[in-house]
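Here is the structure we will look at, set down as structure tokens.
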Amino acid sequence: MEDLRDEPGVLYDESILSQPKISPRMRLLILLISFFGTAARMIGRMFVEIYAVIIGSSATAIAFITSIRNLMSLAFQSSFGRVSDFLGRKTLILLGLFGGGVTLALIPFIRNQWILVLGVFFFSLCFAIYSPSFTAMIGDLSDKKNRASLFSLLTLVGSLGSLIGLLSLGEVSNFVGIHFLEYSSDNLLKLGFYSISHYKLGYGVETEYVSRIQHDQYSIILYSAACLFAVAGIVAAFLTNPPTEKLEERSVLSLTPLRENRRFRKFVIVGSVMGFVMSLGWPIFPFVRGKFASPRENTWIWATFSVTMMVTLIITRPFIDKIKRKWTLFVGRTLMFFIPVNLAITAMYVQTWWHMAIGAAVSGFGNSFYMVAESSYVLDCAPEKEKGTYTGLFYMFLGITTFLGSLISGILADVVENYLGELNTIILFLWIIAGARFLASLGFLFLDEPTSEKNG
């Protein structure tokens, strides 16, 4: 057997050569990629949807944006996961990060809702290239005993990056809006229009002037997210592919893991059902956030999400590996029913950003559990050679179901709106989605602890 002790990316126990430990250099690089890459992805994903509302997209168009985003970024992970098993992780990580930065930088030039759908298609494709490769690399550098703890650390660092990025971009975007007002004619009159429609864009006074301000503000946010992708790509250029048992040839898409591993199959089913129900809200949520919060306030909302996630991860990291995966998954997803409840109350009664921030805090708490456990569960089920394959297969099914959920929800919302009006339709859908999310989360209680054994 070839001696791999001098490999710069990985350190090995003398007693158990097959169980890797991450070297300080590789750990730093992975943390930096998580810091910049997570911030870029979160900011890009959240604000593209709100940008779609600002340019006047319909619920159907936003449904296509969210559904295609998930179909591409999740379903195609299976293919790219298998490619990374064959070619190595680094190449695909670089391609995904730099490609994501370029496509995101072009989105602010788009004013047509259907061209925006095409832009989101390419952005999501780049994420599908990057994500399974990076996740599989973490799997290469960890074992079952410390994997959840490592993912917890990376999620914590990513949340910190998102927090810093959101707060910084919120202030920058606000400066752009103020600067635009100060150097335009009729400042006082226009400032009056801006303040009136600041919270009620869509239900209050709408002006082309205000739309232009918000377009510029959201453009700055998207440009900055593109730069963060580029920084993450530069850092990734210094990665070293960890020594693993690579597949000797690229395999065609196979459902064999679902047949051979009963516990993985059950997780794919439960996760896909939950994904379908979760995605029902994605075409609806941006309408509430775009109408009742300014660009700056939306960054505060998502900063609240990041802070809550960070605090939860710090508290739970010492013992997260000791908690059974199914309980971590259940807690993380059960709390998600509160998000549509919070937004429904916002649309009906409390039309302020801070009320939506409460929902974001609950979401951050729940996601801090689920995001760590999801990746860990999949990797715990995967044999050594097929971490990328298992990761990609799980996200392929998740992508298909979330594609269908988003698309169905958006199309139905446009149909129902003709009878109930926009606001009543939004509120009705939010309450239905809340109940469906709670019921779907109960499925995680029927999961078994993961194992890579066949027929396990």
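Residue numbers (this note's numbering): 2 to 457. Think of the CB as a built atom: it goes at the ideal place given N, C-alpha and C, for glycine as much as any other residue.
Assuming residue i contacts residue j under a Cβ cut-off of 8 Å, what Cβ separation, rounded to an integer in Å, is found between them?
i, j, result
"P258", "Y391", "6 Å"
"V342", "A435", "5 Å"
"L168", "T39", "About 15 Å; that fails the 8 Å criterion."
"I34", "A233", "5 Å"
"T241", "M27", "7 Å"
"E450", "K325", "6 Å"
"P243", "D381", "Actually they are not in contact, since the Cβ atoms of P243 and D381 sit about 18 Å apart, beyond 8 Å."
"L30", "F239", "6 Å"
With DSSP run on the structure shown, which of helix, strand or coil describes residue i?
i, result
"I23", "strand"
"F370", "helix"
"Y378", "helix"
"I69", "helix"
"P296", "helix"
"N343", "helix"
"G171", "helix"
"N419", "helix"
"R438", "helix"
"R215", "According to the sequence provided, residue 215 is Gln. The question's Arg does not apply to it. Helix at Q215."
"V308", "helix"
"R266", "helix"
"R112", "coil"
"T353", "coil"
"S150", "helix"
"G97", "helix"
"W303", "helix"
"F239", "coil"
"E50", "helix"
Shortest alpha-carbon distance to residue i belongs to which of the options?
i, options, result
"G97", "P109, G89, F124", "F124"
"F277", "I44, A129, G406, A62", "G406"
"M311", "P109, A231, V363", "V363"
"M43", "I69, I56, I222, G140", "I222"
"V416", "I34, R28, A64", "A64"
"T61", "E385, L330, A358, L281", "L281"
"I427", "G159, R326, L29, P287", "P287"
"L314", "V158, P243, R326, G272", "V158"
"S377", "L32, L151, N71, V54", "L151"
"V54", "P384, Y219, L380, E172", "Y219"
"K388", "L117, A227, W303, M138", "M138"
"V49", "D144, Y224, F99, S143", "Y224"
"W328", "E375, Y131, S59, L394", "E375"
"A304", "E418, T403, L126, G365", "G365"
"F331", "L448, E385, L399", "L448"
"I270", "C228, I401, I359, A238", "I401"
"P133", "R297, R90, I433", "R90"
Exercise. Count the CB pairs spanning the region 343–355 and the region 286–303 that are closer than 8 Å, and state whether there are at least three.
Key: Result yes; three or more Cβ-Cβ pairs closer than 8 Å.
Exercise. For the region 30–46 and the region 100–111, state whether three or more C-beta atom pairs, one from each stretch, are separated by less than 8 Å.
Key: Note that the region 30–46 touches the region 100–111; at least 3 beta-carbon pairs, one per stretch, sit closer than 8 Å.
Quiz item: Does the pairing of the region 108–120 with the region 367–375 give three or more beta-carbon distances under 8 Å?
Solution: no
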